[in-house]
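Numbering of the sequence shown is given in full-length UniProt numbering, commencing with residue 1 and proceeding in unit increments. Scroll down for the structure; my scribbles are underneath it.
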Amino acid sequence: MAPSRIVMVSGFTAAGKTTHSRLLATALGWRYVSMSRIRRSYVVGSSSSEEEWIPEGDRLRSANTALDHEMDRRLAELVESSDEPVVVDAWLQPWLCESKNAVRVWLHSDFSSRLLKAQVSRLRSGLRPSPVIRTTIADKDAFSVEHFRRLYGIEFGPDPDIFDLRLDNSEWIGEATIRASDEGISRFAPIFNMHVDAILQAGKDGT
Numbered sequence: 001m002a003p004s005r006i007v008m009v010s011g012f013t014a015a016g017k018t019t020h021s022r023l024l025a026t027a028l029g030w031r032y033v034s035m036s037r038i039r040r041s042y043v044v045g046s047s048s049s050e051e052e053w054i055p056e057g058d059r060l061r062s063a064n065t066a067l068d069h070e071m072d073r074r075l076a077e078l079v080e081s082s083d084e085p086v087v088v089d090a091w092l093q094p095w096l097c098e099s100k101n102a103v104r105v106w107l108h109s110d111f112s113s114r115l116l117k118a119q120v121s122r123l124r125s126g127l128r129p130s131p132v133i134r135t136t137i138a139d140k141d142a143f144s145v146e147h148f149r150r151l152y153g154i155e156f157g158p159d160p161d162i163f164d165l166r167l168d169n170s171e172w173i174g175e176a177t178i179r180a181s182d183e184g185i186s187r188f189a190p191i192f193n194m195h196v197d198a199i200l201q202a203g204k205d206g207t
């Protein structure tokens, strides 16, 4: 089997997909491609320069499902046309990508850890911790599961028939501080990169 030129990272909101996809791309010397960047250009109001998860964005997507189809098409185009190997940070591409040789990674983080990470994301943007972050993330999770089922019939989650690798990022943050987050990232990133690289080196037939 030919060496993989695509790694796709999926997981629920605030699991650490963006952070660890970027770090992986840097470590590999590969291109980084993100659905979040595409979403901002297609769904005005889905996020701001300070705040990533704004409920209005999901309301717009729910009312106009063509937005998601167009965003997924655009992301697929970017991946397929890339002359460089790519690390893709995206919710659905592990299901939608037709390449059997792509490495598909599910990044798990339990709900409590994701709440801490979401608060740290706000702190990094100069915002105060949100008193409603639990509701924000819970609503986002529920929307994502239902929306992807509605769009594609996909049961969003760590499907062992889809993912080549499933890693748990739950234990690496103990409190909602930038320092704790940075320490957790620095400890988990080598583990994440090592496991992905092992698959890349072995080839999918060797995993």
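Note that CB positions come from ideal geometry on N, CA and C, so glycine has one too.
| Asked | Found |
| --- | --- |
| From Arg179, Arg187 and Ile162, residue whose alpha carbon lies closest to that of Glu171 | Arg187 |
| Reduced DSSP category for Leu115 - H, G, I as helix; E, B as strand; rest coil | helix |
| Status (buried if at least 16 other CB within 10 Å, exposed otherwise) for Ala15 | buried |
| The stretch 191-201 contacting the stretch 149-161, beta-carbon criterion three pairs below 8 Å | no |
| Straight-line Cα distance separating Ile199 from Gly206 | Caution applies to Gly206, whose pLDDT of 40 falls short of 50 and renders its modelled position unreliable; the value that the coordinates give is listed next. Looking at the two C-alpha atoms, the distance is approximately 7 Å. |
| Residues that Arg179 bridges to, as DSSP identifies them | BP columns for Arg179 are empty, so no partner. |
| Reference Arg5; option with closest CA among Ala27, Ser82 and Arg150 | Ser82 |
| Rounded C-alpha distance that separates His108 from Pro55 | 22 Å |
| Nearest neighbour of Cys97, chosen from Leu127, Leu167 and Ala76 [CA to CA] | Ala76 |
| Pairwise C-alpha distance: Ala90 and Ser36 | 8 Å |
| At least 3 beta-carbon pairs within less than 8 Å: the stretch 108-123 vs the stretch 24-36 | no |
| Proximity to Thr65 [Cα-Cα], best of Arg39, Pro85 and Thr13 | Arg39 |
| Check whether Thr13 and Asp141 have beta carbons under 8 Å apart | yes |
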